[in-house]
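Working notes, structure below.
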Amino acid sequence: MADPHSSCLIIGAGPAGAAAGILLAQSGHRVVVVEKQDYPRFHVGESLIPAVNPVLKELGVWDRMDGAGFLRKYGAEFLYGDGEQMVHNVFANGFVPGYEFTYEVERAKFDQLLLDRAKEAGCEVRQPVAVKSLMQENGQWRATLSDGSELTAHWVLDASGRGGVLPRTLGLKRSGFDHLPKRYAVFNHFRGVRRRPGREAGNITIVRVPVGWFWSIPLDAERTSVGLVTTGAKQQRPEDAFAESVAANPFMRDWMAGAEALGDFHVEADYSFRQSQFAGDNWLLLGDSACFLDPVFSSGVYLALSSASSAAKLINEARERGALTPAEQQGYTRQINDRVAVMNELVSLFYDPHGFSVFMSPTNTLQLFAAVNSIIAGHTQMGPGLRWRFRLFCAICRLNRRLPLVPLVELS
Ligand SMILES: Cc1cc2nc3c(=O)[nH]c(=O)nc-3n(C[C@H](O)[C@H](O)[C@H](O)COP(=O)(O)OP(=O)(O)OC[C@H]3O[C@@H](n4cnc5c(N)ncnc54)[C@H](O)[C@@H]3O)c2cc1C
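Take the sequence shown: its letter number 184 is residue 183 in numbering that gives the first Met the number 0, and every next letter is one higher.
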């Protein structure tokens, strides 16, 4: 008799959905992945951090990354808009050895690579088809799809991104992370953006400016993704805010001199939140569907892939029982929240001018800078040595609000 608890419906084939599909299919589950868009498709979220490397190995795609043409990323650079002061975080100089590099990925290609691997592992992929509604019937899920068909499955994994199909169905409560003003991002791919020479050519560059910050992510020999994250004036067209900010900042002006936009600008707005719970008896939320953190430290794909890996392990463990215990549900929610909390500490100090001034004046006394490098690489599951160093670094950032340990830099 067929295993009654082995059928899984995965909503969405971004990194979270495809990764969960690969891992569950590899463990012998019957997996249907439903993706509403046709691939390849544009998606934001192109800079990875080394903490994704073990999951990419688990998924069997690590050895395909160079061949797919993705650029190696050895570190990250943070600058002020005048270009005078720069901090270069080199992953290899982290407190935790290993993970010396990862990749910058054009998402159209990366997501296709993962989805191809999911098909290879045995997933059935329905695309372009959206999950319209979900209901539970006798312990099974019944989904209605946009092509008019229906699907039943024992498990539902919602990897549908920030739109979250299942959270809406279940009426889960969303909360925000901080009390900072709402932000939006405006971004595009460009030809002719400057690069660092040699090994640093694949670095992400983050430039702090008065209205927010820019990212510059090299994607291949020619193309670079550049975006502005800002609270900026709502009445202004986003692409005008982008152009105005580039023109107003000496570093960006020089970095983008002669650059040519390769398509229409994209905009994403108001994006940080988390759901009240990430799992129930026979459902789990993965990646952005569970929670979305400000992208300044490139943690989104890491959180998506690591949640998929954790979810697949839990389903395997619960296969006989057919349901997650309350402890497993809470453990999953806590595990993701713990990863997010570490990255969120970095995000908070980035937006606090006093914290950011400390970040931009690194000292390796007590290996504090090495510890920060490790967190930037995504080592959120901290051992004791990393934990106390990171705590001390955050305490110094907070103390800088009261005692002028590091001078506050005026943003230009
Ligand atoms: C401005 C900005 C910059 C970012 N920069 C970075 C970065 O540099 N590095 C990084 O790691 N992360 C970054 N992120 C975050 C990153 O984009 C996400 O965290 C990541 O894509 C999450 O993956 P996911 O699989 O959870 O969701 P997604 O990648 O969003 O995939 C969800 C999929 O579900 C599909 N879907 C939605 N609804 C349905 C439905 N009803 N039925 C079927 N399919 C459906 C969608 O079509 C989509 O393909 C950034 C985000 C923003 C907003």
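A virtual CB, placed ideally from N, CA and C, is assigned to each residue, including glycine.
The model shown is predicted, which means the values in this text are computed figures rather than measured ones.
Check: Ala340, buried or exposed, once every other Cβ within 10 Å from all chains shown has been counted against 16; Outcome: exposed
Check: Close-in-space but distant-in-sequence residues of the same chain around Ala19 (CB under 7 Å, 5 per side omitted); Outcome: Ile9, Leu156, Ala158, Leu285, Ala307, Ala310 and Ala311
Check: Closest residue to Lys118 among Gln25, Leu218, Met342 and Leu365 (Cα-Cα distance); Outcome: Gln25
Check: Reference Ala303; option with closest CA among Thr364, Asp287 and Glu103; Outcome: Asp287
Check: Those residues which DSSP pairs with Val371 across a bridge; Outcome: None, per the DSSP bridge assignment.
Check: Range of the contiguous alpha helix (DSSP H) that encloses Trp387; Outcome: Pro383 to Leu398
Check: 7 Å Cβ cutoff met for Gly160 and Gly13; Outcome: yes
Check: Collapsed DSSP secondary structure at Glu458 in the structure displayed; Outcome: Any answer about residue 458 is impossible in this case: the structure gives the chain only from 0 up to 411.
Check: Rounded distance between the beta-carbons of Ala184 and Leu227, thought under 8 Å; Outcome: 7 Å
Check: As assigned by DSSP and simplified to three states, the class of Gly279; Outcome: strand
Check: With 16 other Cβ atoms within 10 Å as the buried cut-off, status of Ala268; Outcome: exposed
Check: Met85 in three-state terms, based on DSSP; Outcome: strand
Check: Cβ neighbours of Glu149 in the same chain (closer than 8 Å, five flanking residues each side left out); Outcome: Arg141, Ala142 and Thr143
Check: Ser356 classed as buried or exposed, judged by whether at least 16 other C-beta atoms fall within 10 angstroms; Outcome: buried
Check: Three-pair Cβ contact test at 8 Å for the segment 195-207 versus the segment 63-78; Outcome: yes
Check: Run of the beta strand (DSSP E) containing Phe189, from where it starts to where it stops; Outcome: Tyr183 to Arg190
Check: For Leu23, the nearest candidate out of Trp154, Val51 and Lys35 (CA to CA); Outcome: Trp154
Check: Assigned exposure category for Ala256 - 16 Cβ within 10 Å defines buried; Outcome: exposed
Check: Pro209: CB within 6 Å of a non-hydrogen atom of ligand 1; Outcome: no
Check: Cβ neighbours of Gly231 in the same chain (closer than 6 Å, five flanking residues each side left out); Outcome: Val210 and Ala240
Check: Cβ contact (3+ pairs, closer than 8 Å) linking the segment 40-50 and the segment 100-109; Outcome: yes
Check: Check: Pro14 C-beta below 6 Å from any heavy atom of ligand 1; Outcome: yes
Check: Alpha carbon of Phe213 to alpha carbon of Glu327, nearest angstrom; Outcome: 39 Å
Check: Own chain, CB closer than 6 Å to Leu171, minus 5 neighbours either side, in chain order; Outcome: Gln274 and Ser275
Check: Cβ neighbour criterion (16 or more within 10 Å) applied to Leu292; Outcome: buried
Check: Beta-carbon proximity check, Ala289 vs Gly191, cutoff 7 Å; Outcome: no
Check: Distance CB(Asn187)-CB(Ile375) smaller than 7 Å; Outcome: no
Check: Residue range of the unbroken beta strand (DSSP E) whose run includes Val48; Outcome: Correcting the residue type first, residue 48 is Ile in the shown sequence and not Val. Careful: Ile48 lies outside any beta strand (DSSP E) and carries neither H nor E.
Check: Reduced DSSP category for Glu327 - H, G, I as helix; E, B as strand; rest coil; Outcome: helix
Check: Residue interval of the alpha helix (DSSP H) (run including Trp254); Outcome: Pro249 to Trp254
Check: Assigned exposure category for Ser145 - 16 Cβ within 10 Å defines buried; Outcome: exposed
Check: Cutoff 8 Å; reference Ser174; Cβ partners in own chain excluding five residues on either side; Outcome: Phe272, Arg273 and Ser275
Check: Beta-carbon gap between Ala322 and Asn363 smaller than 7 Å; Outcome: no
Check: Identified DSSP bridge partners for Ala268; Outcome: Tyr183
Check: Where Phe412 sits in the DSSP three-state scheme; Outcome: A question about residue 412 goes unanswered here, because the residues of the chain that appear run from 0 up to 411.
Check: Residues near Val95 in its chain [Cβ-Cβ closer than 8 Å; skip 5 each side]; Outcome: Ser373, Ala376, His378, Gly382 and Leu385
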